[in-house]
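Undergrad: Numbering (our numbering), first residue to last: 4 to 187.
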């Protein structure tokens, strides 16, 4: 499997988290029953899987390989993706802080949780669409077949260096638990 296919598969997992977050926001707005700590679980998944497992491959492997193949970082698509990664980190952190207040019983944190969660969902939905339809096809085009195959090996190394072995797979189970919690 080529590197971009691996990343697109991970996008499908991230989209499941985004769908769960949307359901949770809807339930929070409607006053539905659920444990507010589930927003902390979602933030953990976003930080560990989306940012840790997924972004370490993009930022540490794919983007440098694209740069070596002539794609500009500054003023180009790589720079935009990196800026969006940073914005996602900021929103995840802000959502976590607001969710911690909500869990502690501060009902006034509800609008803040909703704002940051919905902003994160909107950011990631358009970010994933840009990567899947523009950036990844560009990567496949500018890098040769051999280089694309080599990236798969580099992904495995990056994942081991950035996370403990098995951590990324562990989060697949956490995504399933989040989905069950969001559905009620």
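Quick reminder that beta carbons are idealized off the backbone N, C-alpha and C, glycines included. Everything numeric in this text was worked out from a predicted model, so none of it was measured.
1. Contact check, residue 122 vs residue 105 under 8 Å by CB: the rounded distance?
2. Roughly how far, in whole angstroms, is the beta-carbon of residue 19 from the beta-carbon of residue 186, given that I think they are within contact range, below 8 Å?
3. Assess, as a yes-or-no matter, whether the segment 110 to 124 is touched by the segment 62 to 81 under the definition of 3 or more beta carbon pairs within less than 8 Å.
4. Just checking, does the segment 55 to 66 make contact with the segment 78 to 90 on the three C-beta pairs under 8 Å criterion?
5. Between which residues of its own chain and residue 88 is the CB-CB distance below 6 Å, once the five residues before and five after are set aside?
6. Can you give me the C-alpha to C-alpha distance between residue 51 and residue 22, rounded to a whole angstrom?
7. What is the residue span of the alpha helix (DSSP H) that residue 21 lies within?
8. Answer yes or no: do residue 155 and residue 5 have a C-beta to C-beta separation smaller than 9 Å?
9. Going along the chain, which residues of its own chain have a beta-carbon closer than 8 Å to the beta-carbon of residue 9, five neighbours each way excluded?
10. Looking at the unbroken alpha helix (DSSP H) that takes in residue 42, where does it start and where does it end?
11. With a threshold of 6 Å on Cβ separation, who are the neighbours of residue 177 within its own chain once the five nearest residues in sequence on each side are excluded?
12. Exposed or buried, what is residue 78 when buried is set at 16 or more other beta-carbons lying within 10 Å of its beta-carbon?
13. Among the residues of its own chain, which have a CB less than 7 Å from the CB of residue 92, if the five just before and after it don't count?
14. Cα separation between residue 184 and residue 43?
TA: So, from the listed chains and residues:
1. Contact flag wrong, Cβ pair sits at about 16 Å.
2. Contact doesn't hold; Cβ gap of about 12 Å is too wide.
3. no
4. yes
5. 58
6. 18 Å
7. Per DSSP, residue 21 belongs to the alpha helix (DSSP H) from 6 to 33.
8. The answer is yes: Cβ separation under 9 Å.
9. 60, 155 and 158
10. 41 to 48
11. Within the same chain, Cβ atoms closer than 6 Å to the Cβ of residue 177 are found at 48, the five residues on either side in sequence being excluded.
12. It is exposed - the Cβ of residue 78 has fewer than 16 other Cβ atoms within 10 Å.
13. 54
14. 12 Å
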